[in-house]
Structure formats: structure tokens, C-alpha cells
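Enquirer: Taking mature numbering (1 follows the signal peptide of the UniProt record, and there is no 0), I'd label the letters of the sequence shown as residues -17 to -1, 1 to 246.
Got a structure here, written out as C-alpha cells. Questions coming.
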Amino acid sequence: MFIRTLCILGLAVSISACNLTDRMAGSAQKGPFKEGATVYLYSLDYEGYRDGYDEDDRQVSDDQGRFSFKNVSNGWIELRVSGRYFNEYTGSHSDEALALDAITEKDSFNDKANINLFTHLAAARIFERLRDGRSMYNAWSRAQTDLREVFGLKRVTDDIDRGAEELSVLGGEGGFSEDNANLLLFSGAFLAIDGDATKLLLLADDFADDGRFNGVGEATFNEIAAAASEAGLLTKLSNNLKANGAENPPDQDDMPVLPAWVQ
């Protein structure tokens, strides 16, 4: 009986170690989505088709865009947020809703993913490569490489724990701080040109084709690149996020030299 009990306990520990967490949490950000915005979670098969979804959709729990799901199975998932967000350029909440996507692989050690403009571009690229017959991991990996090359990202790689879903416009510390500042600069410049769902669609459709902005989204991207050169822009964006409750958003100290994509 004693030996049997030990075996059962050992099995329980083993199972627990293989499934350390069944949650998925993160922050939904354009600027951060407003409390009450809706986050959807879909499980994906290896061809990128939705083969399930969390019927209990989650609402963003605060004005820093935080969300959390429980009982999430391991595997590839799509996260989608829809709602109003904090406009870090004007310092006020948006009048119009926006939807953004992220694709990530959930496993026992990877239970956090943010949703942002870079993940949205990556998602468009991923789905396009899946249509070309690529595997899910190949498509995800290529999208991260394309983001890194276009935006000059330093820490984002094709390792599953270092994709664009690690980045945050609220994060000014840690190994991703410079890439976070890069994301914030792009996000703020997008708003500086009155970026909306239509302009975002042009960017995503263009990036999906070949991981570059050389087609229907080129003019919009060039507008963003020009707007990003505004003197003191990153400091302005950071200060507006602080006024909205962010503790330590990226600022100019995190990226003293503007990336090459800025005109």
C-alpha cells in the first residue's frame, strides 16, 4: 500500500511537471486597450485553421490592457482583441474600436503573450505562408525574422520564447527594452498619421506578401517612417503612457539612436 501510494504521488508530480500551467495571460496593446475590450482565444491546427475556441471570451481587466485565460491547452493559439484603446500620441482614449491579432505557441513553460502592432503584422505574414503550404512553426519563425529585418529589432528572434508577442509598449526594463521602445515608436507614429483600421489593413496585407512594405502598404509605411522622426516623440509617448498609469514605459534612454526604418 505504501509503495502504491508513492507511485501515485510520483505520477501526480510527473504530470504536474509536464503541465506546469494551463493559463494564458498578457497585455493587449495598441496603446493599451481599455478595460472592457474583448479578447478572444482560438486554438489552431498545424495548418492554421481554427479547431476550437474559448467559449468564455475574456474582457480586458484594466486600462493597461491585461487579460488572462484559464484551462488553455498546449499548442498553437490565436489571440484577438477588439475594442477601444489608449492613444499614446494624443493622450486620450480612441473614439473608434480596433482589432489586433497575435499567434503564439502555448506550452507548459510559455504562458504569456502580448498583442500589439508587430504581432498583428506577423499574424498576417504567418497566415499567408500557411496558405503557401508552410508548417506553422516555419511560418511563425519566418514572420519573426521579417520583423527583425524590417524594424532592426535586437532581441526578437525565431526562438519560440523570443517572438514579437514578448514585446510591450509598457515595458522599459529588461532584455527587450530597446525592442519595446522600437514598438512604441512605430505605434505612436502610426497614430501620428491618424492610423486607423483601413491603414492597418494596408500594412498587414503588404507585409503578408513578402515580409516587406513594398506594395499596397508602402505609402502608409513611409508616412509612419517620416512621422517617427518627430523630435522628442518617444519621450512624449512615454509620458502619455505614464499619465495613463503605466509604471515604466520605454523612453529615449532605451533607444538613444533611432532605428534605420525611420526616415
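Glycine is no exception: its CB is placed at the ideal position from the N, C-alpha and C atoms.
Can you grab the Cα-Cα spacing for the pair Ala208 / Gln246, in whole Å?
Expert: Roughly 5 Å between the two C-alpha positions.
Enquirer: With DSSP as the reference, label Glu132 as helix, strand or coil.
Expert: Helix.
Enquirer: So, at 8 Å on beta carbons, what are the nonlocal neighbours of Arg(-14) in its own chain, with the 5 sequence-adjacent residues on each side left out?
Expert: Since pLDDT at Arg(-14) reaches only 39, below the 50 mark, its modelled position is unreliable, and no value is offered.
Enquirer: Quick check: Asp188 and Ala126, are their CB atoms within less than 8 Å of each other?
Expert: Result no, Cβ atoms of Asp188 and Ala126 do not sit closer than 8 Å.
Enquirer: Does the region 129 to 136 come into contact with the region 52 to 69, if we say contact requires no fewer than three beta-carbon pairs (one atom in each stretch) closer than 8 Å?
Expert: Taking 8 Å as the limit for Cβ pairs, the verdict is that the region 52 to 69 does not touch the region 129 to 136.
Enquirer: Would you call Ala243 buried or exposed, if buried means 16 or more other Cβ atoms sit within 10 Å of its Cβ?
Expert: Exposed, because fewer than 16 other Cβ atoms sit within 10 Å of the Cβ of Ala243.
Enquirer: With which residues is Ser65 paired in a DSSP beta bridge?
Expert: BP columns for Ser65 point to Thr21, Ala82.
Enquirer: State buried or exposed for Leu(-12), treating a residue as buried only when at least 16 other CB atoms are found within 10 Å of its CB.
Expert: Only weak support exists for where Leu(-12) lies, its pLDDT of 34 falling under 50; the coordinates are left without a value.
Enquirer: With distance defined between alpha-carbon atoms, name the residue in Ala11, Glu230, Ile109 nearest to Tyr32.
Expert: Ranking Ala11, Glu230, Ile109 by Cα distance to Tyr32 puts Ile109 first.
Enquirer: Can you tell me where the beta strand (DSSP E) with Phe51 in it begins and where it stops?
Expert: Just to set this straight, residue 51 is Ser in the shown sequence, not Phe. Where Ser51 is concerned, the enclosing beta strand (DSSP E) stretches over 49 to 52.
Enquirer: How is Trp59 classed by DSSP in three states: helix, strand or coil?
Expert: Three-state DSSP puts Trp59 in a strand.
Enquirer: Just to confirm, is the Cβ distance from Lys17 to Val43 under 8 Å?
Expert: A contact, by the Cβ cut-off of 8 Å.
Enquirer: Mind checking whether Glu30 and Trp59 have CB atoms under 8 Å apart?
Expert: No, the pair does not count as a contact, with Cβ atoms beyond the cut-off.
Enquirer: Under three-state DSSP, which class holds Phe92?
Expert: Reduced to three states, the DSSP call for Phe92 is coil.
Enquirer: So Ser170 is in the alpha helix (DSSP H); what residue range does that whole segment cover?
Expert: Ser170 -> alpha helix (DSSP H) spans 160 to 175.
Enquirer: Return the chain-ordered list of same chain residues with a C-beta closer than 7 Å to the C-beta of Arg6, the five sequence neighbours on each side being excluded.
Expert: Cβ within range, chain order: Ser51, Phe52, Lys53, Val55, Asp94.
Enquirer: From Lys182 to Leu83, what distance separates their C-alpha atoms?
Expert: Distance between the alpha carbons of Lys182 and Leu83: 13 Å.
Enquirer: Answer with buried or exposed for Gly158, where buried requires no fewer than 16 other C-beta atoms within 10 angstroms of its C-beta.
Expert: Label assigned to Gly158: exposed.
Enquirer: Classify Phe204 as helix, strand or coil using the three-state DSSP reduction.
Expert: Looking at Phe204 - three-state DSSP - the assignment turns out to be helix.
Enquirer: Work out the CA separation of Ala210 and Asp142 for me, nearest whole Å.
Expert: In a straight line, the C-alpha of Asp142 is about 31 Å away from that of Ala210.
Enquirer: Would you kindly work out how many angstroms separate the C-alpha atoms of Asp179 and Leu186, rounded to a whole number?
Expert: One C-alpha to the other measures close to 11 Å.
Enquirer: Can you give me the start and stop residues for the beta strand (DSSP E) that Ser10 sits inside?
Expert: Element bounds for Ser10: 7 to 10.
Enquirer: Counting pairs of Cβ atoms below 8 Å between the region 218 to 231 and the region 191 to 205, do you hit three or more?
Expert: With the cut-off at 8 Å, the region 218 to 231 and the region 191 to 205 do not touch.
Enquirer: Residue range of the alpha helix (DSSP H) that Leu241 falls in?
Expert: First-last for Leu241: undefined, no H or E at that position.
Enquirer: Taking only the alpha-carbon atoms, compute the straight-line gap between Tyr72 and Ala8 and give it to the nearest angstrom.
Expert: Approximately 26 Å between the Cα atoms of the pair.
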